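Chemist: The sequence shown runs contiguously to residue 590 in the working numbering. Glycine residues also receive a C-beta, built at the ideal position from the N, C-alpha and C atoms. All figures in this text were calculated on a predicted structure; none of them were measured in a lab.
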Amino acid sequence: MMGREARWWFVPPDTGTDLPKLLAMRTVRAFGDGYVSLLLPVYLLALGFSPVAVGAIATATLLGSGAMVFGLGLFAHRFSQRQLVLGAAVLMTVSGFAFSLTGAFWPLFVIALVGTLNPTTGDVTVFSPLEQAMVTQTVAARDRTAVFARYSLLGSLAGAAGSLFAAVPEWIDAQTQVGLITALQAMFAIYGVFGVLTFFVYRTLTGSVEPPGHAPNAPLVESRPIVMRLAAVFSLDAFGGGFAVQSLVALWLFQRFDLSIATAGQIFFWAGLFAAGSYLLSSWVARRIGLINTMVFTHLPANVFLILAPLMPTLELAVTMLLLRYAMSSMDIPARTSFVMAVVPAHERAAAASFTAVPRSLAAGISPFAAGWLLSVSSFGWPLVIAGTIKIGYDLLLLRMFRSVKPPEER
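1) If you reduce the DSSP assignment to three classes, tell me which class residue 582 lands in.
2) Count the other C-beta atoms from every protein chain shown that fall within 10 angstroms of the C-beta of residue 379, then say buried if there are 16 or more, exposed otherwise.
3) Entirely within the stretch 207-267 and at least 4 residues each: give me those alpha helix (DSSP H) ranges in chain order.
4) Within 10 angstroms of its Cβ, does residue 235 collect 16 or more other Cβ (buried), or is it exposed?
5) Check this for me: beta carbons of residue 538 and residue 457, under 9 Å apart or not?
6) Quick one: using the 10 Å Cβ neighbour count with 16 as the cut-off for buried, is residue 196 buried or exposed?
7) For residue 589, name the three-state secondary structure that DSSP assigns.
8) Below 8 Å, can you find three or more Cβ-Cβ pairs linking the stretch 521-540 to the stretch 315-326?
9) Does the ligand NAP have a heavy atom nearer than 8 Å to the CB of residue 257?
10) Among 491, 419, 482, 530, which one has its Cα closest to the Cα of residue 407?
11) Provide the residue span of the alpha helix (DSSP H) that contains residue 520, from first to last.
12) Is DSSP giving residue 423 helix, strand or coil here?
13) Alpha carbon to alpha carbon, how far is residue 261 from residue 448? Give it in angstroms, no decimals.
14) Rounding to the nearest angstrom, what Cα-Cα distance links residue 453 and residue 338 in this structure?
15) Rounded to whole angstroms, what is the Cα-Cα separation between residue 312 and residue 221?
16) What three-state label does DSSP hand residue 297 in the structure shown?
17) Quick check: what's the CA-CA separation for residue 382 versus residue 203?
18) Compare the C-alpha of residue 563 against each of 289, 575, 418 and name the closest.
19) Assuming residue 308 contacts residue 536 (C-beta within less than 8 Å), just tell me the rounded distance between them.
20) Applying the 10 Å Cβ sphere with the 16-neighbour rule, what's the burial state of residue 393?
21) By Cβ distance, which residues of its chain are closer than 7 Å to residue 281, with the 5 residues on each side in sequence left out?
22) Are residue 431 and residue 560 close, meaning C-beta to C-beta below 9 Å?
23) Per the contact definition of three or more C-beta pairs closer than 8 Å, is the stretch 496-508 in contact with the stretch 476-488?
24) Helix, strand or coil for residue 346? Go by DSSP, reduced to three states.
25) Measure from the alpha carbon of residue 346 to the alpha carbon of each residue in 580, 215, 541, then state which is nearest.
26) Ends of the alpha helix (DSSP H) at residue 477?
27) Confirm, please, whether the CB-CB distance from residue 240 to residue 551 is below 9 Å.
28) Out of curiosity, what's the CA-to-CA distance linking residue 294 and residue 336?
29) Could you check which residue in 533, 541, 572, 566 has the C-alpha nearest to that of residue 254?
30) Quick check on the DSSP output: the alpha helix (DSSP H) that includes residue 559 runs from which residue to which?
31) Which residue wins for smallest C-alpha separation from residue 370, given the options 198, 228, 258, 268?
32) Candidates 329, 586, 385, 475: which alpha carbon is nearest residue 460's?
33) In angstroms with no decimal places, state the Cα-to-Cα distance between residue 358 and residue 275.
34) Is the beta carbon of residue 245 less than 9 Å from the beta carbon of residue 373?
35) I need the DSSP call for residue 393, collapsed to helix, strand or coil.
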């Protein structure tokens, strides 16, 4: 039987059964996102599409996610958390199976727009605000940042494993009579199977994931001013990040250095491991310097490394810069999530999570199309330089606007 200390590595003592399920399904979805984000440009290029088309479909995935999260913020108070997350699982299932059954641009574009496919390593889908609110309901305030660090850690590790799994279609193509496109389509079908699994696991969630009171959720009222300010500044970060989503970083590596899928998978596997290590440090750093300082002072150097990557003359040096970036860029994610959940009342958390996620998704959705165009005219890596520059501006703005806002545990 798992001891008390060993169990806390996963969840706090006496948490109940819901938090392990939430962590497990985050792990499953991140594994799927890990290989889908790499195989999305490979699949589209194999179908004969240009880098601009790759950027357009990446844009559609992010804009669609933003629209769904926006709808969640408006209407979440009419439904329970469980109803909403089950609906998201259905969308995930349909996305995977539908993407595996077509090779035409416009059907793929529509599927990307209305589904849950994710071209990034982070969770930008409608699952994110729902799970953030449910996780917060299952833990005490003192454990919140540590639990979100584990939530992000498991996602990063699973995403890293998914990056290695992305090499499977290339191996199948080399070792069997199955063509590359068919093997790639099978991978998207597996993503759909993960959606089915998510649906059945989330059907077993208890009422503990729901906010207290009579209404399942509530629209923003008390916390509207600070949430709107957070949403505005987060959108700047997301706009910059959209130039460097994993699908487009992979596309740049394919073009600049002529990488195989297997080699790219190995690079992003290590990137995921480095990001996972940063999640472990996040709660430790946040306890010592505060959530806002953690978000800013770990993010700044990461963006410098991102700018330096395209300037490197060799693959080895470019990958080194990218790995250094991944080692630091994710440390702010648990701190950011914890900060948002801390500064709003419990009954407004789902709405707050969605209203801070919406501009992130919409802003991030604008830039991949521009990044795809930039990569179609030059292999230099201008999208990475632009991304790092914008994100440095976000760091400085965040520090100026919110350094005096303290969550309860820091007062």
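Modeler: From the atom records:
1) Mapped onto the sequence shown, residue 582 falls at position 403. Coil, per DSSP.
2) Working through the sequence shown from its first residue, we reach residue 379 at position 200. By the 10 Å Cβ count, residue 379 comes out exposed.
3) 230-254
4) By one-based count along the sequence shown, residue 235 stands at place 56. Label assigned to residue 235: buried.
5) Your numbering for residue 538 matches position 359 in the sequence shown. Your numbering for residue 457 matches position 278 in the sequence shown. Contact flag unset, no.
6) Here the question's residue 196 lines up with position 17 in the sequence shown. Exposed, since its Cβ has fewer than 16 Cβ neighbours within 10 Å.
7) Here residue 589 refers to the residue found at position 410 when the sequence shown is read from its first residue. Helix at residue 589.
8) yes
9) The model on display carries no ligand, and the ligand NAP is accordingly not part of it.
10) Looking up residue 407 in the sequence shown gives position 228. Closest by alpha carbon: 530.
11) Looking up residue 520 in the sequence shown gives position 341. Counting along the chain, the alpha helix (DSSP H) containing residue 520 begins and ends at 511-521.
12) Numbered from its first residue, the sequence shown carries residue 423 at position 244. Here residue 423 sits in helix by DSSP.
13) If you number the sequence shown from 1, residue 448 lands on position 269. If you number the sequence shown from 1, residue 261 lands on position 82. Approximately 32 Å, taken between the alpha carbons.
14) Position 274 of the sequence shown holds residue 453. Position 159 of the sequence shown holds residue 338. So the alpha carbons of these two residues sit roughly 12 Å apart.
15) Residue 312 sits at position 133 when you count from the first residue of the sequence shown. Residue 221 sits at position 42 when you count from the first residue of the sequence shown. Cα-Cα distance, rounded: 35 Å.
16) As a first step, residue 297 must be located in the sequence shown, where it is residue number 118. It is coil, neither helix nor strand.
17) Within the sequence shown, the letter at position 203 stands for residue 382. Within the sequence shown, the letter at position 24 stands for residue 203. Cα to Cα, residue 382 sits roughly 14 Å from residue 203.
18) Here residue 563 corresponds to residue number 384 of the sequence shown, with the count starting at 1. Out of 289, 575, 418, 418 has the C-alpha closest to the C-alpha of residue 563.
19) Taking the first residue of the sequence shown as 1, we reach residue 308 at position 129. Taking the first residue of the sequence shown as 1, we reach residue 536 at position 357. Right, the Cβ-Cβ distance comes to about 5 Å (below 8 Å), so this counts as a contact.
20) Stepping through the sequence shown from its first residue, residue 393 is reached at position 214. At residue 393, the pLDDT of 43 sits below 50, so the modelled position is not reliable; the number obtained from the coordinates is stated separately. Result: exposed.
21) Here residue 281 corresponds to residue number 102 of the sequence shown, with the count starting at 1. If we look at residue 281 and ignore the five residues flanking it on each side, its Cβ neighbours are 287.
22) The sequence position of residue 431 within the sequence shown is 252, counting from 1. The sequence position of residue 560 within the sequence shown is 381, counting from 1. For residue 431 and residue 560, yes; Cβs fall inside 9 Å.
23) yes
24) On the sequence shown, residue 346 is found 167 positions in, with the first residue counted as 1. The answer is coil: DSSP assigns residue 346 none of H, G, I, E or B.
25) Translated into the one-based positions of the sequence shown, residue 346 becomes position 167. Residue 346 has its Cα closest to that of 215, out of 580, 215, 541.
26) For the purposes of this step, residue 477 is identified with residue 298 of the sequence shown, where counting begins at 1. Here the alpha helix (DSSP H) through residue 477 covers 470-487.
27) Position 372 of the sequence shown holds residue 551. Position 61 of the sequence shown holds residue 240. The answer is no: Cβ separation not under 9 Å.
28) Here residue 294 refers to the residue found at position 115 of the sequence shown. Here residue 336 refers to the residue found at position 157 of the sequence shown. Their backbone Cα atoms lie some 24 Å apart in a straight line.
29) If you number the sequence shown from 1, residue 254 lands on position 75. For residue 254, the nearest C-alpha among the options comes from 533.
30) For this step, residue 559 is matched to residue 380 along the sequence shown. Premise fails: residue 559 is in no alpha helix (DSSP H) and is neither H nor E.
31) Numbered from its first residue, the sequence shown carries residue 370 at position 191. If we check each option's Cα against that of residue 370, 268 comes out closest.
32) Counting from one through the sequence shown, the residue named residue 460 turns up at place 281. Taking only the C-alpha atoms, the option nearest residue 460 is 329.
33) Mapped onto the sequence shown, residue 358 falls at position 179. Mapped onto the sequence shown, residue 275 falls at position 96. The straight-line gap from Cα to Cα measures roughly 19 Å.
34) Your numbering for residue 245 matches position 66 in the sequence shown. Your numbering for residue 373 matches position 194 in the sequence shown. For residue 245 and residue 373, no; Cβs fall outside 9 Å.
35) The sequence position of residue 393 within the sequence shown is 214, counting from 1. Model confidence at residue 393 stands at a pLDDT of 43, short of 50, so the residue's coordinates are unreliable and nothing is read from them.
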